[in-house]
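As structure tokens, the structure follows; a few thoughts come after it.
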Amino acid sequence: MESCLFCKIIKKEIPAEIIDENDHAIFIKDISPQAPEHFLAIPRKHYPSIQAIPPEDHTLLKELMVSVAEFVKAHKLDEKGYRLVLNSGERSGQTVFHIHIHILSGRAMQWPPG
């Protein structure tokens, strides 16, 4: 998508603090962190929400979650504990309409989260 902020970051048209990347996703530091360690896992393919993923691309979320699991292990977040958040829609707090998962760590998390 031409005007999508995350698509531009993936194409390296605009700067971001890239922590890691693979064939399926890119991992960046969140510019407005809500925890001492706050990263975004962004799939390389653009879909505004999970319900927009067509059946022929049904493996996208699996590939993204495998990438997240590898990332948290590589960065030892699994040892500290972490929370994954995937917002969908404006009322949930989504501001960039490209699927992404927030990875939060480094502090105690509260429940309920909202």
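In terms of the numbering used here, the sequence shown is numbered consecutively and its last residue is 656. We put the CB at the ideal spot given by N, CA and C, even for glycine. Keep in mind that this is a model prediction, so the values were computed, not measured.
According to DSSP, residues forming a beta bridge with residue i
| i | result |
| --- | --- |
| Ala611 | According to DSSP, which records beta bridges pairwise, Ala611 is partnered with nothing at all. |
| Asp562 | Phe569 |
Nearest candidate by alpha-carbon position, reference residue i, set the options
| i | options | result |
| --- | --- | --- |
| Asn564 | Ser574, Ile573, Ala583 | Ala583 |
| Ala611 | Lys550, Ile556, His600, Arg625 | Arg625 |
| Asn629 | Pro590, Pro654, Val614, Met651 | Pro590 |
| Ile579 | Glu544, Pro654, Phe613 | The question names Ile, but residue 579 is Glu in the sequence shown. Cα-wise, what sits closest to Glu579 is Phe613. |
| Leu619 | Lys550, His588, Ala577, Ile560 | Ala577 |
Extent of the continuous beta strand (DSSP E) run through residue i
| i | result |
| --- | --- |
| Ile556 | Unbroken run through Ile556: none, as it is neither H nor E. |
| Phe581 | 579-585 |
Span separating the alpha-carbon of residue i from that of residue j
| i | j | result |
| --- | --- | --- |
| Leu645 | His600 | Here residue 645 turns out to be Ile, not Leu, going by the sequence shown. Approximately 22 Å, taken between the alpha carbons. |
| Phe639 | Glu632 | 9 Å |
| Glu544 | Trp653 | 37 Å |
| Leu547 | Lys622 | 30 Å |
| Ile573 | Ile592 | 23 Å |
Outcome for residue i when other beta-carbon atoms lying within 10 angstroms are tallied against a minimum of 16
| i | result |
| --- | --- |
| Ser647 | buried |
| Pro585 | buried |
| Ile560 | exposed |
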